[in-house]
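**Student:** A single structure is presented below for examination.
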Amino acid sequence: MKVIEPATPEQFKQYYQLRYDTLRKPWDQPEGSERAEDDEQAIHAMLVDDEGEAVGVCRLHLNTPQEGQIRFMGVRGDKQGLRLGDRLLSYLEDRARQLGATSITLQARENAVNFYRRNGYDVIEKSYLLFGSIQHYKMAKQL
Ligand SMILES: CC(C)(COP(=O)(O)OP(=O)(O)OC[C@H]1O[C@@H](n2cnc3c(N)ncnc32)[C@H](O)[C@@H]1OP(=O)(O)O)[C@@H](O)C(=O)NCCC(=O)NCCS
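As numbered in full-length UniProt numbering, residues 1 to 143 make up the sequence shown, in order.
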């Protein structure tokens, strides 16, 4: 397994499909709702298996030159709980450092708060409800 930055149309197709499957489909959200307006400006990371199939996805953008933000983290259902998300996080943290950022912020779903804590993120505040049911927590980490 390795982390790549999707580059070909096929890789981007897999990337957005997995984002949809992990973060939108379980809440009956329409296809297309997985896309964000600023996706073209973001850095995308995809964990692929030895056959090149997508196993996890995540993205990074800079809110300011100093502050990176992680969004849209999802690991394929049959591969969750295997600490694979760590690899995507550390890849994008390295990319943020390369760009000169000194901290990362993110909005964690309640089920993912422990995952981010294990990776060095602290809860800053309880933030918003998504789809009327998914509580989010703002978290941050110094790089
Ligand atoms: C959150 C997520 C990215 C973490 O990646 P991961 O590689 O699964 O991370 P971990 O291996 O550290 O496991 C995360 C949690 O899943 C639990 N878990 C274990 N086996 C599992 C399984 N078969 N299925 C689902 N979760 C499992 C782990 O116990 C762990 O719980 P904890 O954090 O309360 O200790 C991933 O689980 C995921 O994609 N979840 C669905 C989408 C999502 O919520 N994304 C985060 C948006 S902020």
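All C-beta atoms in this analysis are idealised placements derived from N, C-alpha and C, irrespective of residue type, glycine included.
Bear in mind the structure is a predicted one, so any value in this text is a computation, not a measurement.
When you measure from the CB of GLY85 to every non-hydrogen atom of ligand 1, does any distance come out below 6 Å?
**Tutor:** Within the cutoff, so yes.
**Student:** Between the beta-carbon of PHE115 and the beta-carbon of GLY85, is there less than 7 Å?
**Tutor:** Yes, they are a contact pair.
**Student:** Looking at the unbroken beta strand (DSSP E) that takes in GLY85, where does it start and where does it end?
**Tutor:** No beta strand (DSSP E) contains GLY85, which is instead part of the alpha helix (DSSP H) from 85–98.
**Student:** Cβ of TYR91 within 7 Å of Cβ of MET46?
**Tutor:** No, they are not a contact pair.
**Student:** State the start and end residues of the unbroken beta strand (DSSP E) segment that holds ASP28.
**Tutor:** Per DSSP, ASP28 belongs to no beta strand (DSSP E) and is neither H nor E.
**Student:** Could you say if the segment 95–114 and the segment 54–70 meet the contact criterion of at least three C-beta pairs nearer than 8 Å?
**Tutor:** The segment 95–114 is in contact with the segment 54–70.
**Student:** Please report how far the alpha carbon of ASP50 lies from the alpha carbon of GLY77, in whole angstroms.
**Tutor:** Roughly 18 Å separates the two Cα atoms.
**Student:** Taking the alpha-carbon positions, what's the GLU110 to ALA7 distance?
**Tutor:** Whole-angstrom Cα-Cα distance: 31 Å.
**Student:** To the nearest angstrom, how far is the alpha carbon of LEU82 from that of ARG35?
**Tutor:** Answer to the nearest angstrom: the Cα atoms are 26 Å apart.
**Student:** Specify, as a first and last residue, the run of the beta strand (DSSP E) that TYR128 falls within.
**Tutor:** 122–130 is the span of the beta strand (DSSP E), which, as asked, contains TYR128.
**Student:** Label LYS13 either buried or exposed according to how many other C-beta atoms from any shown protein chain fall within 10 Å of its C-beta, with 16 as the threshold for buried.
**Tutor:** Burial call: exposed.
**Student:** With distances taken from CA atoms, which of ARG24, ILE43, ARG19, TYR20 is nearest SER133?
**Tutor:** Nearest of ARG24, ILE43, ARG19, TYR20 to SER133, Cα basis: ARG24.
**Student:** LEU18 and ILE43 look like a contact to me (Cβ under 8 Å); what is the Cβ gap, rounded to whole Å?
**Tutor:** Not really, about 17 Å apart at Cβ, beyond 8 Å.
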